[in-house]
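Numbering (the numbering used here), first residue to last: 1 to 122.
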């Protein structure tokens with residue numbers, strides 16, 4: 001899970017209201033937020049779990065101008081393999097198939113497989 005990836009946020013400050021609050025929210029999640037030189041573009045560097053947590057935090061903040069960041073996180077998040085899904089499921093155990101699907105955007109077949117593996121290994 002600790003594999004990091006980068007997402008570029010073009011015109012970040014101009015596209016969001018209360019940018020300082022969003023920057024604090026991003027940094028509170030342990031995500032690295034950097035400005036690209038003197039341009040308007042910013043970059044965040046995060047892992048999959050941070051991406052999931054940040055997306056949920058942004059969505060729960062109820063700030064419409066921030067939702068494009070949450071959508072970008074969801075689109076550019078790398079797909080999780082079964083090992084990563086199993087690790088996430090164990091961290092949130094007990095978890096249902098629907099909860100795992102909502103948390104990771106995996107398919108129902110993948111979620112069932114992971115949960116069955118965890119239950120049978122106990």
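We put the CB at the ideal spot given by N, CA and C, even for glycine.
Pull the bridge partners of residue i from the DSSP assignment, please.
| i | result |
| --- | --- |
| residue 5 | 46 |
| residue 35 | 42 |
Let me check understanding here. Comparing Cα to Cα, which of the options lies closest to residue i?
| i | options | result |
| --- | --- | --- |
| residue 60 | 25, 109, 115 and 7 | 25 |
| residue 83 | 118, 23, 53 and 57 | 118 |
| residue 9 | 20, 35 and 18 | 35 |
| residue 86 | 54, 49 and 11 | 49 |
| residue 16 | 89, 70 and 88 | 70 |
| residue 6 | 23, 18, 100 and 78 | 78 |
| residue 89 | 58, 21, 74 and 110 | 110 |
If residue i sits next to residue j, beta carbons under 8 Å apart, how far is it from one beta carbon to the other, in whole angstroms?
| i | j | result |
| --- | --- | --- |
| residue 38 | residue 14 | With 8 Å as the limit, residue 38 and residue 14 do not qualify as a contact, their Cβ atoms being about 14 Å apart. |
| residue 4 | residue 46 | 7 Å |
I want to see whether chain B comes within less than 9 Å of residue i, judged by CB atoms only; does it?
| i | result |
| --- | --- |
| residue 67 | Considering every chain present, this structure includes no chain B. It has just one protein chain. |
Quiz item: Counting Cβ pairs closer than 8 Å, one from the segment 62-74 and one from the segment 88-101, do we hit at least three?
Solution: no
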